[in-house]
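Student: The structure follows.
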């Protein structure tokens, strides 16, 4: 044990922070003695970083940080420097020399040599970051990077400059026999000796050597430095500037990774800083730093305590170490108050399959994801570097008293971030890399091995992507139907006027119509578009080839007028749209132009995404694109081992069994209809979650808690049993499975049920009962009673009404062939509730939304030969899916703006009260209320905006009040609390509708991505209820998803309101209680994919 410091410095006062309560801090205080060496100690997780870097540092810098009650004793003009261990650079362009500033001085010395002056080389020419001096081939990096698919990039020395980074003329200049590249290759100690007579350079290098960094090359890439090295480079930079004003330095474990000799060097440097007038505050676990401190504070259990004498701390434990206590048999959470949870005490048994059930809004997601998953995420964050930890600590933590028995948690939520545009089932499942490797090793071209690398089969790599479409498989082309919005009008009268881009292109006095008039004649512009000959329309849309046209037109812009002349070829209105869309891709109007485009298969690769040679490679006659286009249930049997020669058979044995296992895992989860090339963005939330679950179930994980969000969503009854079997395999491997679900089959198949309720919002959040399904479902709780009423334990419920009712003819659909539909002919009642059921992939969505919905919207048959009877309806297929907030979903932004505009004489325009307008939104977050931080390998963090704190608006907008609330507080208030203070109008109507739907606990500003599945469904139904036109055609996509049986009863009452006024409701359905209540039941199947697409039965017509 090192001896305590004999002589403590006399300090010049102290900075005192009191009442810190960030995270686990419990009113902690901290005294920092000025002009002294202060050390904060304590066990990991005690709250040291929260106190110093999460509370004190932001408070001294005047920015938002952890809450506290007072901060006193801060000298006026105090300079605060946080010397943390974050990387000082991520590319070879950043080096210790550039970071410390010594490189600027060295370049000036080279520029002052006679050779440099003679060659007119300035100091900037000796920088490898400027074009004038650096090697043009490696751009001053000294290396060239080669990307290896699935492996780290390989760096090879540049063959042009041999790693020197510079052009030959720069390397010709020498300073005392050394080139600039030679100096960058020196270690700090060697460089100090070389520049020992150069005071300014030597001073900066000496500080690096003093801190034990003499071995560090001046030109070494900063990205290769350890965290401790990076922190010491920062400290050395500060020490090398003796003229710096006295400041307060905060350091986070600067002793990390240091040898005892280096610790002594660090202490010498700290003493030099303190003796120079600085104040140093360090978090440390090193006893030598404790002994050297002038003042020491201990943090334990979220509180600050007087530091124990060093003599009372033995070097070794007083008792023998004992094995860790065995993991308890359950995850035990006590006093859970997250969101609407009412101080729950919950026990989730380990090694079992537990299901959390209850009405929508009762707190299921709050318990599973916002408490269990969030607490696990918070604990995991404590093991990450401070650079990551300081951001993750800004995430909201669950409100609970304690949790025990927590194991690593893997969350598969339906609100998880959607995959990227290029993502496919192959990438999500992990089978894509295996297949690329399989084809690279076993692929043949014209009977010979292909000799290709795996990345050459990847559309996401430059070596494998089709150059015409950049590996997307599609190209964006203008849709004439979207551009010509009023075909009954002429071009001059506004055939294109339905969109802003159309009005731009169709400006009567503009260039484009003048060009068409010169090309096709003035009468063309006066004739209705629909009456123009096909050839004339083709020229207008797609151009006139190489024909040259000369045109002069007059323009008028305000007071300016004149004439323009153009001579050239005409490439067509569609080409103009595509060109402008590319030019405006990053402008605020980009979405308006992109809305006119639709994706068309690439004509070069035919949608296969790969470059030409990769498309020629086959294995047993199958190319990779052909294989990936096969449904998963067929993919398993594409290859037989007996057909391979020995070399290919060895590759088959090594790779194909893993591919087959992955395909079978997805098939068992009801995904056999999917293909590996299917875009992830086209999958439903449930399908995407099950693809990820399949990858997890074959990953070999054990000892993990897997949390799922209604994995049975979208599954036919037969597939639910297979899902439960897969989950039991995951459980039997030693994992704990926790999921939120409502399906009766899932509830009965669980090992343990946790029922929350009894209602939603403030009426929920209580533990009703927990235990085995036999106890919970035979009891008297809301779930058991709702299941009995739904008839799932007895005879089916009766339909709503006589299915033959209605005075109009049936909707007659003939020859539907969209996707896997096989010439479907179907008659549907003109009024009532029609349920369309069938296995996943049987064609339900294609029939309801792809054929019926699109045909009704466009007023013509789409995906079918003919359809009659749709023309009498107003189509309603809106939902909350595309809306960002509850406010957006109900279209209440305009009435909200009007309300606050009339509130007082504030001088603000109406647009200032929209968080999407630059006039009122926070300039930092641009009205989102959040800040997204990239975490490299980790998922991005979405945190409250540091400027507005999540308010979304500027301060002057938030100062305006209406109904006693500022606009940001209004958007955060539960709508049930707003209802009484609102007068009649659209805003009151929308709020009343949410309350009627059982969503009174939601706020209008609530992001829809944070809603539970049931909340999203009910919000979508609220959108439908706002439709006043009748008769209306309502198209619903699995309206029971996320709903408790009691919520389904309430939803059926609302469907009855639609039908009573003469509407037709068509929904894709899997839940038995909804099927039993339908007036007409259409069953598709019998299987999925090619095995589906047929009408199996129709009942009720």
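Residue numbers (the working numbering): -13 to 1087. For every residue, glycine included, the Cβ atom is placed at its ideal position computed from N, Cα and C.
(1) Closer than 8 Å by C-beta to residue 304: which residues in its own chain qualify, once you throw out the five before and the five after it? Chain order, please.
(2) Helix, strand or coil, according to DSSP, for residue 176 in the structure here?
(3) Suppose you measure from the CA of residue 1140 to the CA of residue 33; what does that come to, to the nearest Å?
(4) Look at the alpha carbon of residue 413 and the alpha carbon of residue 429, and state the distance between them as a whole number of angstroms.
(5) Going by Cα to Cα distance, which pick from 797, 916 and 971 is closest to residue 882?
(6) In terms of alpha-carbon separation, which member of 75, 554, 533 and 475 lies closest to residue 497?
(7) Return the CA-CA distance between residue 65 and residue 334, expressed in angstroms with no decimal places.
(8) Buried or exposed, going by whether 16 or more other CB atoms sit within 10 Å of the CB of residue 349?
(9) Tell me, to the nearest whole angstrom, how far the beta carbon of residue 343 is from that of residue 741; I am working on the premise that it is less than 8 Å.
(10) Bridge partners for residue 539 per DSSP, in chain order?
(11) Assuming residue 1044 is part of the alpha helix (DSSP H), what are its boundary residues?
(12) What does the alpha-carbon distance come out to for the pair residue 870 and residue 902?
(13) Using 10 angstroms around the beta-carbon of residue 247, count the other beta-carbons present and answer buried if the total reaches 16, otherwise exposed.
(14) Name the two residues that bound the continuous alpha helix (DSSP H) containing residue 23.
(15) For residue 507 and residue 796, what's the separation of their Cα atoms in angstroms?
(16) Taking 6 Å as the limit between beta carbons, can you name the residues of its chain near residue 5, skipping five residues before and five after?
(17) Please list, in chain order, all residues of the same chain as residue 752 whose beta carbon is under 6 Å from its beta carbon, the five residues on each side excluded.
(18) What first and last residue would you give for the alpha helix (DSSP H) that runs through residue 645?
(19) Tell me which same chain residues have a C-beta within less than 6 Å of the C-beta of residue 892, skipping the five on either side of it?
(20) In the DSSP output, what is residue 810 paired with across the bridge?
(21) I'd like the span of the alpha helix (DSSP H) that includes residue 358, first residue to last.
(22) If I measure Cβ to Cβ from residue 928 and keep anything under 6 Å in the same chain, skipping five residues before and after, which residues do I get?
(23) Can you name, in chain order, every residue of its own chain whose Cβ lies under 8 Å from the Cβ of residue 532, other than the five neighbours on each side?
(24) Is it right to say residue 607 is buried, meaning 16 or more other beta carbons lie within 10 angstroms of its own, or is it exposed?
(25) Would DSSP call residue 515 helix, strand or coil?
(26) Per DSSP, residue 463 is paired with what?
(27) Please identify the residue among 536, 468, 682 and 1018 whose C-alpha is closest to the C-alpha of residue 585.
(28) Could you check how far apart the C-beta atoms of residue 515 and residue 470 are, in whole angstroms? I think they sit under 8 Å.
(29) Would you say the region 435 to 452 touches the region 691 to 701, given that touching needs at least three Cβ pairs under 8 Å?
(30) Cα-Cα, which of 542, 154 and 472 is closest to residue 513?
(31) Residue 317 bridges to which residues according to DSSP?
(32) Using the C-alpha atoms, what's the distance from residue 123 back to residue 146?
(33) Sorted by chain position, which residues of the same chain lie with C-beta nearer than 7 Å to residue 0's C-beta, five sequence neighbours on each side aside?
(34) For residue 736, does the count of other Cβ atoms within 10 angstroms reach 16, so buried, or fall short, so exposed?
(35) By how many angstroms is the C-alpha of residue 680 removed from the C-alpha of residue 650?
(36) Please determine whether the Cβ atom of residue 437 lies at a distance below 6 Å from any heavy atom of the ligand PLP.
Tutor: Quick look at the numbers:
(1) The pLDDT assigned to residue 304 is 44, lower than 50, so where the model puts this residue is not dependable, and the model offers no usable value.
(2) Note: residue 176 maps to helix in three-state DSSP.
(3) Since the first and last residues shown for the chain are -13 and 1087, residue 1140 lies out of range.
(4) Looking at the two C-alpha atoms, the distance is approximately 20 Å.
(5) Among 797, 916 and 971, the Cα nearest to that of residue 882 belongs to 971.
(6) Of the candidates 75, 554, 533 and 475, the one whose C-alpha sits nearest the C-alpha of residue 497 is 554.
(7) Rounded to the nearest whole angstrom, the C-alpha separation of residue 65 and residue 334 is 51 Å.
(8) In summary, residue 349 is buried, with 16 or more beta-carbon neighbours lying within 10 Å of its beta-carbon over all protein chains present.
(9) That pair is a contact at about 5 Å.
(10) DSSP lists 550 as partners of residue 539.
(11) Per DSSP, residue 1044 is one residue of the alpha helix (DSSP H) stretching across 1031 to 1046.
(12) Approximately 11 Å between the Cα atoms of the pair.
(13) The residue is exposed, with fewer than 16 neighbouring Cβ atoms inside 10 Å.
(14) Element bounds for residue 23: not the alpha helix (DSSP H) but the beta strand (DSSP E), 23 to 27.
(15) Distance between the alpha carbons of residue 507 and residue 796 is about 47 Å.
(16) 13, 54 and 55, listed in sequence order.
(17) Counting only Cβ-Cβ distances below 6 Å, and skipping sequence neighbours, we find 328.
(18) First-last of the alpha helix (DSSP H) with residue 645: 632 to 654.
(19) If the five residues before and after residue 892 are omitted, its C-beta is found closer than 6 Å to the C-beta atoms of 946, all from its own chain and listed in chain order.
(20) In the DSSP output, where bridge partners are listed per residue, residue 810 has 802.
(21) It is not in any alpha helix (DSSP H) - residue 358 carries neither H nor E in the DSSP assignment.
(22) For residue 928, same chain residues with a beta-carbon under 6 Å away, outside a window of 5 residues either side, are 916 and 918 in chain order.
(23) Closer than 8 Å at the Cβ level, and outside the excluded window around residue 532, lie 555.
(24) Taking every protein chain shown into account, the CB of residue 607 has fewer than 16 other CB atoms within 10 angstroms, so this residue is exposed.
(25) In this structure, residue 515 counts as helix in the three-state DSSP scheme.
(26) Residue 463 pairs with 584.
(27) When each option's Cα is compared against that of residue 585, the closest is 468.
(28) 6 Å between Cβ atoms; contact.
(29) No, they do not touch.
(30) Relative to residue 513, the option among 542, 154 and 472 whose CA is nearest is 472.
(31) DSSP output for residue 317 lists 334 as bridge partner(s).
(32) So the two alpha carbons sit approximately 7 Å from each other.
(33) Excluding positions up to five away in sequence, the list reads 17, 18, 19, 20 and 59.
(34) The residue is buried, with at least 16 neighbouring Cβ atoms inside 10 Å.
(35) Spanning the two alpha carbons is a distance of roughly 9 Å.
(36) With respect to small molecules bound, the structure shown includes none, and the ligand PLP cannot be examined in it.
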